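Okay, so the sequence shown: first residue is 1 according to the UniProt record's numbering, each after it adds one.
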Amino acid sequence: MKILIIEDEPVLRHSIAQYLTTEGNVCSLASTYAESLERLNLYEYDCILLDLTLPDGEGLQLLNYLKRMNRAEGVIIISARNSIDQKIEGLSLGADDYLIKPFHLSELNARILAVMRRKSAQGDRHIEFNEIRIDIDAKEVTINGLGVYMTKKEFDLLLYFIANKGKVISKSAAVEHIWGDDSDMANSFDFIYTHIKNIRKKLTDAGSRDYFQSVYGVGYKFTST
Numbered sequence: 001m002k003i004l005i006i007e008d009e010p011v012l013r014h015s016i017a018q019y020l021t022t023e024g025n026v027c028s029l030a031s032t033y034a035e036s037l038e039r040l041n042l043y044e045y046d047c048i049l050l051d052l053t054l055p056d057g058e059g060l061q062l063l064n065y066l067k068r069m070n071r072a073e074g075v076i077i078i079s080a081r082n083s084i085d086q087k088i089e090g091l092s093l094g095a096d097d098y099l100i101k102p103f104h105l106s107e108l109n110a111r112i113l114a115v116m117r118r119k120s121a122q123g124d125r126h127i128e129f130n131e132i133r134i135d136i137d138a139k140e141v142t143i144n145g146l147g148v149y150m151t152k153k154e155f156d157l158l159l160y161f162i163a164n165k166g167k168v169i170s171k172s173a174a175v176e177h178i179w180g181d182d183s184d185m186a187n188s189f190d191f192i193y194t195h196i197k198n199i200r201k202k203l204t205d206a207g208s209r210d211y212f213q214s215v216y217g218v219g220y221k222f223t224s225t
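(1) Apart from the five residues just before and just after Ser214, which ones in its own chain have a Cβ nearer than 7 Å to its Cβ?
(2) Ignore the nearest five residues each way along the sequence and tell me which others in Ser79's own chain have a CB closer than 6 Å to its CB.
(3) With 16 other CB atoms within 10 Å as the buried threshold, where does His177 fall?
(4) Which residues in the same chain have their Cβ closer than 8 Å to the Cβ of Ser28, if we skip the five residues on either side of it in sequence?
(5) Considering only residues of the segment 104 to 180, which uninterrupted alpha helix (DSSP H) runs meet the minimum length of 4 residues and lie entirely inside it, listed in chain order?
(6) Could you pull the DSSP bridge partners for Glu58 from this structure?
(7) Assuming the contact rule is C-beta atoms closer than 8 Å, Glu131 and Ser208 should be a hit. Round their C-beta distance to whole Å, please.
(8) Leaving out five residues on either side along the sequence, give the residues of the same chain with a beta carbon under 6 Å from the beta carbon of Gly217.
(9) My understanding is that Leu146 touches Ala206, with C-beta atoms under 8 Å, so please give their C-beta distance in whole angstroms.
(10) Roughly how far, in whole angstroms, is the beta-carbon of Phe129 from the beta-carbon of Lys165, given that I think they are within contact range, below 8 Å?
(11) Does at least one heavy atom of the ligand SAH sit under 6 Å from the Cβ of Glu44?
(12) Assuming Tyr43 is part of the alpha helix (DSSP H), what are its boundary residues?
(13) Does DSSP put Ala30 in a helix, a strand or coil?
(14) Mind checking which residues open and close the alpha helix (DSSP H) that includes Val218?
(15) Nearest CA to the CA of Leu159: which residue from Ile48, Asp56, Phe222, Leu12?
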């Protein structure tokens, strides 16, 4: 999962990033309103952790921006403001959850998983595509009941393509989603080919159809047609 952490307190910002990274996520960091807006203009994320008090602006302004742009990211407000009015305003502007500081990082992680389940699987803990079944929480893939071992990157890529089935996904978009902002440093996206090749082989060896289609000069599409 790709997460943007918007928090101006350095210790808390890096503690959250360290914890969520060990849970298998890709984290990007921002400490100001301007930096947050720049990242949101450049990248898309699965989930945004949003502090309301920033040195150069208000987190609620960023919520307004996301709403105007019809962005689909899950948003969890993390704030020291224990105000019912602030909570109502944040949720009414499109935030999915509101967590009061201080909090346990394990609780934050549970809130993120709950938001993403509602966003990507309509509350279900599983995603199915024909004979392919994915358990989001356990990070398990089965084909007609047969378990298929996937690395973390392979699992995330497969989930990403199934969530965007029927759409053409460029190599750069796939790399950005899985590797985060560091993808800008890559000299070549050829390694995406290797990952997809491995996923295709594991799925077909387990009895699945090959749903990946190469789109010349662009990337790949995951489709049954």
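For every residue, glycine included, the Cβ atom is placed at its ideal position computed from N, Cα and C.
The model shown is predicted, which means the values in this text are computed figures rather than measured ones.
Reading off the structure:
(1) Position 214 of the sequence shown, counted from the first residue, corresponds to residue 214. Correct list, in chain order: Tyr220.
(2) Translated into the one-based positions of the sequence shown, residue 79 becomes position 79. Same-chain partners within the cutoff: Leu52.
(3) In the sequence shown, counting from the first residue as 1, residue 177 sits at position 177. With 16 or more neighbouring CB atoms inside 10 Å of its own CB, His177 falls in the buried class.
(4) Counting from one through the sequence shown, the residue named residue 28 turns up at place 28. Cβ neighbours of Ser28 beyond the five flanking positions: Lys2, Ile3, Leu4, Ile5, Arg39, Tyr43, Tyr45, Gly180, Asp181.
(5) Counting whole runs of 4 or more residues, the segment 104 to 180 contains the alpha helix (DSSP H) stretches 105 to 121, 152 to 163, 171 to 179.
(6) Counting from one through the sequence shown, the residue named residue 58 turns up at place 58. Per DSSP, the beta bridge partners of Glu58 are Thr53.
(7) In the sequence shown, counting from the first residue as 1, residue 131 sits at position 131. In the sequence shown, counting from the first residue as 1, residue 208 sits at position 208. With a Cβ gap of about 6 Å, Glu131 and Ser208 count as contacting.
(8) Mapped onto the sequence shown, residue 217 falls at position 217. By the criterion of a C-beta distance shorter than 6 Å, Gly217 is surrounded by no residue of its chain, once the five residues flanking it on both sides are discounted.
(9) Sequence index remark: in the sequence shown, residue 146 carries index 146 (1-based). Sequence index remark: in the sequence shown, residue 206 carries index 206 (1-based). Yes, Leu146 and Ala206 are in contact; Cβ-Cβ is about 5 Å, under 8 Å.
(10) Within the sequence shown, residue 129 is the residue found at index 129, counting from 1. Within the sequence shown, residue 165 is the residue found at index 165, counting from 1. Yes, Phe129 and Lys165 are in contact; Cβ-Cβ is about 7 Å, under 8 Å.
(11) As far as ligands go, the structure on display features none, and thus does not contain the ligand SAH.
(12) Indexing the sequence shown from 1 puts residue 43 at position 43. Tyr43 -> no alpha helix (DSSP H), and no H or E assigned at all.
(13) Position 30 of the sequence shown, counting from 1, holds the residue named residue 30. Correct three-state label for Ala30: strand.
(14) Start at 1 with the first residue of the sequence shown, and residue 218 comes out as number 218. DSSP places Val218 in no alpha helix (DSSP H); its state is neither H nor E.
(15) One-based indexing of the sequence shown puts residue 159 at position 159. The residue from Ile48, Asp56, Phe222, Leu12 with its alpha-carbon nearest to that of Leu159 is Phe222.
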